[in-house]
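**Student:** Please find one structure pasted underneath; my questions will follow.
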Amino acid sequence: MRTLTDREKKKATSQAGKWSTPGSRLANLAVHAALIIGIFMVIAPFLWTITASLKSKPSMIWRAPYFYPTTFAWENYVEAWKTASFSRFYLNTAIMTGALVLGQVFLSAMAAYAFARLQFFGRNTLFLVFLGTTMIPFFVIMLPSYLIVEKLGWLDTYWALTVPRLVSAFAIFLLRQAFLGIPKELDEAACMDGCSAWKTLWLIIMPLSKPALAAVAIFAFLFGWNDFLWPLLVTRSPEMSTIQIGLTSFQGRYYNDQVHLMAAVTTATIPSLLLFIVAQRYFVRGVATIGLKG
Amino acid sequence: MPGWHVRRRSEQRWTALVCLLPAVAIFGVFNIVPTIWAARLALLDWNGMSDIAKAPFIWFDNYLRLCQAPEFWNSLVVTVEYSLGVTALGLITGLLLAMALNRRMRGRVLYRVLYFTPEIASTVAAGIVWYYLFLPNGLVNKFLHLFGIAGPSWLSSSVWALPAIIVVGIWKRLGFNMVVYLAALQGLPVELYEAAEIDGAGPWHKLIFLTVPLLKPTTLLLAIMSLIDAFQVFALPYTMTQGGPMGATEVMGLLIFREARGLLHMGYAAAMSWVIFAFVFAATLLQWRVFGKED
């Protein structure tokens, strides 16, 4: 994984500093002002959602203030949670997301290791096949996958929610790149010390690839937590529903009850938000790497 | 490759087998087989209820039916409009934002993080929240009112519903575009800018004659990622308009979902999914061609 060296960073910022030479103070101020207005527009929906979720009555929704709460009707959260079986949705989503994160990190890492470090017949062809599948839109495989899951008797089970997506071609690609960036001398030394290829993966390659693994885990979490279409297809009963499906059915039934709906939206978004706050460095770096790979 | 001989071939082979088995098994059953099956499904006249083995093989009739269905052409146009709108405007705003942030200044990291936040919200949550923001008396219109503009009733207008969804699409994608552009900007050669300055180039000249051409590979990559994503848009129109009013936001994903969910015309729906594939494939080929040339 390529990251900028300190020198490169300095280079970049010094170059950037030159962009605002004409009337630089004033220009700087204008840029800041524009950026702050922009940020407000970007995060206003979040602020409004939280504010609305804490209003005492739905009729108060369109009364100012919109972006900071003045009433704190926490009972909205309890009520929303009780009205629909959100705790069950939460549990289901957590199970599904947990499995997807583990699967996409470890199974993809194993595959990526084989592609990056081991020699075997048909390696490049197989890798191309994996890469090629990223071009297949989900809508193409959606119907047959549904039929396969149905044949297996997996409809409305955790199996259907997890197994088909336990491996991600995208994760394999990202991790392979990261593994290729680790000097081969390290594995060779390990090999000389009698460390098997299998152990080299877990004892040498994995610990050295933590940032890439973190990025894959984060993307897998977001993918699982926010996934909608596949769970919508393969689950039937509310007992197997995920949080995103729960939100849409809540929206359908309590269309006019925005305070409770927004409380539900807020609780559904909090896990991703927390993860983002904790790991924003890996997030941003992960995304930036995708671009540099181009 | 020096050193490869150090590890025995047979060990490498066995380890590779163990490492790849789960991935290949899952991928085979839930990606490769479905892809092949989808190709065949598109050639069958199958309603999803009857025995698939007895479904008549009708060659390309499903595709012919598509061409004759006005709802399909409508959804094709809507999907392309959405994709182009989100991609073009999302790239321009993303680049402007990245350029504004690519400077030594206070609060840079905070700005970057805040602009990135919509990316992590689920599309469903975003759609639901924006649905209320776009109501006739919602915040969007209250905001426009500040400038003396009387906003339309966005989502129930067949003219404004799609632009509203495009706005949300851009809102969600802006942070991603910005971060990738920012990383690319930081890799640009300083020497060229210094030379341009010596030649007396102003900020506009540098933007148009240096930055934009130098960023072409990044722009292409982002454009293609954005297009591929946008062709498959589903949850936003699902939560905001359900495809209405009068099909004004009926993207292809919604149409396929409806046919599939109702187990109506599976062959027809499969054929439609291959149309999405054609677009994604064309975009990817374009990417390969352009990048192939540069390498």
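Residue numbers (the numbering used here), protein chains in the order written: chain C, 306 to 599; chain B, 5 to 299. For every residue, glycine included, the Cβ atom is placed at its ideal position computed from N, Cα and C. Keep in mind it's a predicted model, so treat the numbers as computed, not measured.
Quick one: residues in its chain with C-beta nearer than 7 angstroms to the C-beta of Gly94/B, no 5 flanking neighbours on either side, listed in chain order?
**Tutor:** Ile174, Arg177, Leu178, Asn181, Ser230
**Student:** Following the continuous alpha helix (DSSP H) through Asn530/C, name the residue where it begins and the one where it ends.
**Tutor:** The sequence shown places Trp at residue 530/C, not Asn. Trp530/C -> alpha helix (DSSP H) spans 515-531.
**Student:** To the nearest angstrom, how far is it from the Cα of Tyr560/C to the Cα of Tyr136/B?
**Tutor:** 10 angstroms
**Student:** State yes or no: is the beta carbon of Met109/B nearer than 8 angstroms to at least one beta carbon in chain C?
**Tutor:** yes
**Student:** Answer yes if the region 157-169 of chain B comes into contact with the region 238-256 of chain B, meaning at least three C-beta pairs across the two stretches below 8 angstroms, and no otherwise.
**Tutor:** The region 238-256 of chain B and the region 157-169 of chain B touch, with no fewer than 3 CB-CB distances between them shorter than 8 angstroms.
**Student:** Excluding the five sequence neighbours on either side, which residues of its own chain have a C-beta within less than 7 angstroms of the C-beta of Ala593/C, listed in chain order?
**Tutor:** none
**Student:** Excluding sequence positions up to five away, which residues of its chain have a Cβ less than 6 angstroms from the Cβ of Thr310/C?
**Tutor:** In this predicted model, Thr310/C has a pLDDT of only 49, less than 50, meaning its place in the structure is not dependable; the value taken from the coordinates is given anyway. Nothing meets the Cβ criterion.
**Student:** Which residues of the region 245-266 of chain B have a Cβ closer than 8 angstroms to any Cβ of chain C? Give them in chain order.
**Tutor:** Met256, Gly257, Ile260, Phe261, Ala264, Arg265
**Student:** Tell me whether the region 463-476 of chain C and the region 25-42 of chain B touch, counting them as touching only if at least three CB pairs, one residue from each stretch, are closer than 8 angstroms.
**Tutor:** yes
**Student:** Kindly say whether Asp299/B, judged by its beta-carbon, lies nearer than 8 angstroms to any beta-carbon of chain C.
**Tutor:** Unreliable positioning characterises Asp299/B in this predicted model, as indicated by a pLDDT of 42, which lies under 50. The coordinate reading is nonetheless provided below. No, no contact with chain C.
**Student:** Residues of chain C with CB closer than 7 angstroms to the CB of Ala129/B, please, in chain order.
**Tutor:** Leu552, Val570, Ala573, Thr574
**Student:** Using a beta-carbon distance below 8 angstroms, is Ile487/C in contact with chain B?
**Tutor:** no
**Student:** In whole angstroms, what separates the C-alpha of Val144/B from that of Leu340/C?
**Tutor:** Separation of Val144/B and Leu340/C (C-alpha to C-alpha, rounded to the nearest whole angstrom) is 19 angstroms.
**Student:** Please go through the same chain and pick out, in chain order, the residues whose beta-carbon is closer than 7 angstroms to the beta-carbon of Thr354/C, but skip the five residues on each side of it.
**Tutor:** Met567, Val570, Thr571
**Student:** Using the beta-carbon count (16 or more within 10 Å), is Ile550/C buried or exposed?
**Tutor:** Classification for Ile550/C: buried.
**Student:** Curious, which full-length alpha helix (DSSP H) runs of at least 4 residues does the region 62-106 of chain B contain?
**Tutor:** Given a length threshold of 4 residues, each whole run of the alpha helix (DSSP H) inside the region 62-106 of chain B is given here in chain order: 65-72, 74-105.
**Student:** Tell me the rounded alpha-carbon separation between Val255/B and Leu166/B.
**Tutor:** 10 angstroms
**Student:** Which residues in the same chain have their Cβ closer than 7 angstroms to the Cβ of Glu384/C, if we skip the five residues on either side of it in sequence?
**Tutor:** His565
**Student:** CA-CA distance, Val128/B and Phe555/C?
**Tutor:** 12 angstroms
**Student:** Do you know how far the Cα of Ala421/C is from the Cα of Gln482/C?
**Tutor:** Computed Cα separation, rounded: 8 angstroms.
**Student:** Confirm, please, whether the CB-CB distance from Thr438/C to Gly529/C is below 8 angstroms.
**Tutor:** no
**Student:** How about Trp50/B and Gly266/B: do their beta carbons lie closer than 8 angstroms?
**Tutor:** no
**Student:** For Leu48/B, which of helix, strand or coil comes out of DSSP?
**Tutor:** strand
**Student:** Within 8 angstroms, do at least three Cβ pairs link the region 529-539 of chain C to the region 436-451 of chain C?
**Tutor:** yes
**Student:** Whole angstroms are fine: how far does the CA of Leu290/B sit from the CA of Phe61/B?
**Tutor:** Going from the Cα of Phe61/B to the Cα of Leu290/B covers about 33 angstroms.
**Student:** Kindly list, in the order they appear in chain B, the residues whose Cβ is closer than 9 angstroms to that of Ser276/C.
**Tutor:** Lying outside 306 to 599, the shown extent of chain C, residue 276/C is not represented and no answer is given.
**Student:** Taking a Cβ distance cut-off of 8 angstroms, strictly less, list which residues of the region 438-471 of chain C are near chain B, in chain order.
**Tutor:** Thr438, Met440, Ile441, Pro442, Phe443, Phe444, Val445, Ile446, Met447, Leu448, Pro449, Ser450, Tyr451, Leu452, Ile453, Val468, Pro469, Arg470, Leu471
**Student:** Let me know the secondary structure DSSP gives Gly544/C once reduced to three states.
**Tutor:** With the sequence shown as reference, residue 544/C is identified as Glu, and Gly is not the correct amino acid for it. Glu544/C: helix per DSSP, three-state reduction.
**Student:** Can you pull the chain C neighbours of Pro122/B, defined as C-beta to C-beta under 7 angstroms?
**Tutor:** Val347
**Student:** Which chain B residues sit within Cβ distance under 7 angstroms of Trp535/C?
**Tutor:** Within chain B, no residue comes near Trp535/C; the closest Cβ sits about 10 angstroms away, beyond 7 angstroms.
**Student:** Give me the Cβ distance between Ala286/B and Asn66/B, rounded to the nearest whole Å; I'm assuming they're in contact under 8 angstroms.
**Tutor:** The pair is not a contact, with the Cβ atoms about 20 angstroms apart (cut-off 8 angstroms).
**Student:** Using 8 angstroms as the threshold, is the C-beta distance between Leu518/C and Ala404/C below it?
**Tutor:** no
**Student:** Any C-beta of chain B within less than 7 angstroms: which residues of the region 365-376 of chain C qualify?
**Tutor:** Trp367, Tyr371
**Student:** Is there contact here, the region 425-444 of chain C with the region 370-390 of chain C, by at least three beta-carbon pairs under 8 angstroms?
**Tutor:** As far as the Cβ criterion goes, the region 425-444 of chain C does not touch the region 370-390 of chain C, which means the pair count is below three.
**Student:** Could you tell me which chain B residues have their CB closer than 8 angstroms to the CB of Val383/C, listed as they occur along the chain?
**Tutor:** Per Cβ cutoff of 8 angstroms: no residues; Val383/C is ~20 angstroms from chain B at best.
**Student:** Residues in the same chain with beta-carbon distance under 6 angstroms from Ser277/B, minus the five sequence neighbours each way, listed in chain order, please.
**Tutor:** Around Ser277/B: Ile260.
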